[in-house]
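Rendered as structure tokens:
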């Protein structure tokens with residue numbers, strides 16, 4: 007077997023500990039090295055991490071410019087099945103698709119059955135039993151995926167606190 011020569015290095019990281027009285031916390035660890043870096047987040051909303059090898063600017067400046075959609079896609083928090091938006095899309099499709107009252111009523115009945123789903127697996131199972139909706143969608147219904155609610159809450163509650171702290175550090179350096 008061929009021997010692999012590994013390189014090991016050691017670095018100092020910064021850990022930002024965000025705490026709020028009796029609720030919401032996060033430890034955000036930054037391992038920055040010039041225009042590259044890793045962020046690791048452990049919080050009561052969830053845990054995420056990513057490494058960027060070429061940000062085009064100092065890593066903390068890069069973090070300040072992130073938007074939720076891009077960041078969620080990088081940490082895998084953008085693949086949450088959104089039942090409500092999926093049903094809403096199907097409802098719009100029903101209104102555009104069905105001119106016949108009986109067909110429209112049948113489609114709406116199947117939709118009301120789907121609305122009771124507890125999640126993606128149950129939705130898929132029920133969808134495949136919904137012959138009218140499957141015909142309407144050519145056997146391939148559009149399923150809507152969104153940002154995980156827990157990541158959205160982290161972003162809304164704590165991300166701005168973290169960014170404000172980085173900005174304060176920049177001001178102190180000037």
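In this note's numbering, the protein residues as written are 7 to 180.
Built from N, CA and C at the ideal position, the CB exists for glycine as well.
Being a predicted model, the structure only gives us computed values, none of them experimental.
Euclidean distance between Cα positions of residue 106 and residue 167 | Indexing the chain shown from 1 puts residue 106 at position 100. Indexing the chain shown from 1 puts residue 167 at position 161. Computed Cα separation, rounded: 54 Å.
For residue 36, name the three-state secondary structure that DSSP assigns.
-> Residue numbering aside, residue 36 sits at position 30 when the chain shown is read from its first letter. If DSSP states are grouped into helix, strand and coil, residue 36 belongs with the strands.
Residue 83 - DSSP class collapsed to helix/strand/coil | Translated into positions along the chain shown, residue 83 becomes position 77. Coil, per DSSP.
Outcome for residue 19 when other beta-carbon atoms lying within 10 angstroms are tallied against a minimum of 16 | Position 13 of the chain shown holds residue 19. Exposed, by the Cβ-count rule.
Go to residue 166, then tell me how far its alpha helix (DSSP H) extends in each direction, as first and last residue.
-> One-based indexing of the chain shown puts residue 166 at position 160. Run containing residue 166: 166-179, per the alpha helix (DSSP H) assignment.
Whose C-beta lies closer than 8 Å to the C-beta of residue 42 among residues of the same chain, with five residues either side of it excluded?
-> The residue you call residue 42 lines up with position 36 of the chain shown. Same-chain partners within the cutoff: 57, 58, 59, 60, 61, 65.
Backbone secondary structure at residue 219 - three-state DSSP | Outside the displayed range of the chain (7 to 180) lies residue 219, so it cannot be described from this structure.
State buried or exposed for residue 170, treating a residue as buried only when at least 16 other CB atoms are found within 10 Å of its CB.
-> If you number the chain shown from 1, residue 170 lands on position 164. Residue 170 comes out exposed.
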